[in-house]
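Engineer:
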Amino acid sequence: MSFRPLALIALCVLLAACNKVNQANYSKLQAGMSKTEVEQLLGAPSEGAGALGITSCTWGDEQSMISVQFAGDQVLMFSGKGLK
Numbered sequence: 013m014s015f016r017p018l019a020l021i022a023l024c025v026l027l028a029a030c031n032k033v034n035q036a037n038y039s040k041l042q043a044g045m046s047k048t049e050v051e052q053l054l055g056a057p058s059e060g061a062g063a064l065g066i067t068s069c070t071w072g073d074e075q076s077m078i079s080v081q082f083a084g085d086q087v088l089m090f091s092g093k094g095l096k
């Protein structure tokens with residue numbers, strides 16, 4: 013058996029285990045956290061948009077996601093979907 017398929021499988025398992033969009037990290041979110049603190053916890057957002065000092069950022073995809081709304085640089089509210 014070749015080493016390459018085993019290495020690919022190991023890499024896929026490792027990447028899945030490193031997913032920061034999960035219930036444990038969602039439970040650590042708190043209103044008033046800075047955007048920097050949230051990014052340290054979840055990494056860079058996959059999407060973001062904002063206007064007039066309100067920013068909405070999303071981590072994850074349609075199946076498993078965390079959405080955080082910021083007023084200025086602080087968490088105003090957040091929600092999650094499909095978290096494990």
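Using this note's numbering, the letters of the sequence shown map in sequence onto residues 13 to 96. The C-beta atom is built at its ideal place from N, Cα and C for all residues, glycine as well.
(1) From A83 to M45, what distance separates their C-alpha atoms?
(2) Going by Cα to Cα distance, which pick from G94, K93, Q81, L41 is closest to A63?
(3) Name the residue from L95, T67, D73 whose alpha carbon lies nearest to the alpha carbon of M89.
(4) I'd like to know whether the C-beta atoms of L58 and T70 end up nearer to each other than 7 angstroms.
(5) Can you tell me whether Q42 is helix, strand or coil according to DSSP?
(6) Reducing DSSP to helix, strand and coil, say where Q75 ends up.
(7) May I ask you to report which of helix, strand or coil DSSP gives K47?
Structural biologist: Inspection of the coordinates gives the following:
(1) 11 angstroms
(2) Q81
(3) T67
(4) Checking the sequence, you will find Ser at residue 58 rather than Leu. Yes, Cβ-Cβ distance for S58 and T70 is below 7 angstroms.
(5) coil
(6) coil
(7) helix
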